Ligand SMILES: Cc1cc2nc3c(=O)[nH]c(=O)nc-3n(C[C@H](O)[C@H](O)[C@H](O)COP(=O)(O)O)c2cc1C
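Numbering (the numbering used here), first residue to last: 1 to 209.
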């Protein structure tokens, strides 16, 4: 959708807010992505309240935040999130987190598919509120890339001082592999992160025997 600063084929970590059938607000961290048709894709495990609420109301609000406390509370300590943290949006049967009032998307469920233990919701973006101070939404691809970079600088150092088969280098290479795998999973259709990982891995190969 024009004006929406989200790239296709990459999972962003967001907080999804919904109402249950009695109108009680709920918020939970969920990964979202934009597919090649411009639809918003959300995969929710069947046991989550978010799944139940979206299945029933066919609508949700995608809240963008980098507030670590909000992620922790919404994932594990939802009782600590008071109802006053939410605001009802006129004519929409889903609430927004007040903290994200300048950074949210309203998504309407177009289609629901089943994938093992979860539902894949294909949603139409019906409205969004993105103010100028919007920063790129959080993606694990970026944090894993930083981990790879840090570990790589240490690999290059330790391979010279301790040898390329030293336990330190082997452990760091395992961490690099782990994070490269995360990047592959969360930025499946997004070339840039995968290209950067390849570039870094080539540098490691060329510099250590
Ligand atoms: C960063 C992050 C991303 C998550 N992404 C998903 C997801 O895409 N789908 C899902 O079902 N659960 C996901 N979870 C787990 C749910 O947030 C968690 O199970 C939550 O308690 C569900 O709350 P609910 O039952 O109120 O929906 C994620 C958790 C975190 C911390």
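We treat Cβ as the ideally placed atom computed from N, Cα and C, and that holds for glycine.
All values reported here derive from a predicted model rather than from experimental measurement.
Please classify residue 25: is it buried, with 16 or more other beta-carbons within 10 angstroms of its beta-carbon, or exposed?
In the chain shown, residue 25 corresponds to position 25, counting from 1. Of the other Cβ atoms in all chains shown, 16 or more fall within 10 Å of the Cβ of residue 25; this residue is therefore buried.
For residue 67 and residue 99, which I take to be in contact (beta-carbon distance under 8 Å), what is that distance rounded to the nearest angstrom?
Counting from one through the chain shown, the residue named residue 67 turns up at place 67. Counting from one through the chain shown, the residue named residue 99 turns up at place 99. Indeed, because the Cβ distance is near 7 Å, the residues count as touching under 8 Å.
Could you spell out the range, first to last residue, of the alpha helix (DSSP H) harbouring residue 51?
Numbered from its first residue, the chain shown carries residue 51 at position 51. From DSSP, the alpha helix (DSSP H) with residue 51 extends over 49-57.
In the structure shown, what three-state DSSP assignment does residue 139 receive?
Here residue 139 is taken as the residue at index 139 of the chain shown, counted from 1. Of the three classes helix, strand and coil, the one that applies to residue 139 here is coil, per DSSP.
If contact is defined by three or more beta carbon pairs under 8 Å, each pair taking one atom from either stretch, is the region 80-93 in contact with the region 44-53?
Contact between the region 44-53 and the region 80-93 is absent, because fewer than three Cβ pairs lie under 8 Å.
Sorry if obvious, but does the Cβ on residue 71 come closer than 7 Å to a heavy atom of ligand 1?
Within the chain shown, residue 71 is the residue found at index 71, counting from 1. Under cutoff, so the answer is yes.
At the level of alpha carbons, what is the spacing between residue 72 and residue 58?
Locating residue 72 in the chain shown gives position 72, counting from the first residue. Locating residue 58 in the chain shown gives position 58, counting from the first residue. Cα-Cα distance, rounded: 26 Å.
Inspect the beta-carbon positions of residue 149 and residue 101 and report whether they are closer than 8 Å.
For the purposes of this step, residue 149 is taken as residue 149 along the chain shown, with counting starting at 1. For the purposes of this step, residue 101 is taken as residue 101 along the chain shown, with counting starting at 1. It is not a contact, given that the beta carbons lie outside the stated cut-off.
Give me the Cα-Cα distance between residue 7 and residue 41, rounded to the nearest whole angstrom.
Within the chain shown, the letter at position 7 stands for residue 7. Within the chain shown, the letter at position 41 stands for residue 41. Distance between the alpha carbons of residue 7 and residue 41: 13 Å.
Does the region 141-148 come within contact of the region 176-184, defined as at least 3 CB pairs closer than 8 Å?
yes
Can we count residue 75 as close to ligand 1, meaning its CB is less than 7 Å from some heavy atom?
For the purposes of this step, residue 75 is taken as the residue at position 75 of the chain shown. Residue 75 Cβ: within cutoff of ligand 1.
Jot down the residue ranges of each uninterrupted beta strand (DSSP E) in the region 26-102, minimum 3 residues, whole runs only, in chain order.
Runs found: 40-45, 59-63, 86-88 and 95-97.
In whole angstroms, give me the CA-to-CA distance for residue 167 and residue 65.
Walking along the chain shown from the start, residue 167 turns up at place 167. Walking along the chain shown from the start, residue 65 turns up at place 65. Approximately 38 Å, taken between the alpha carbons.
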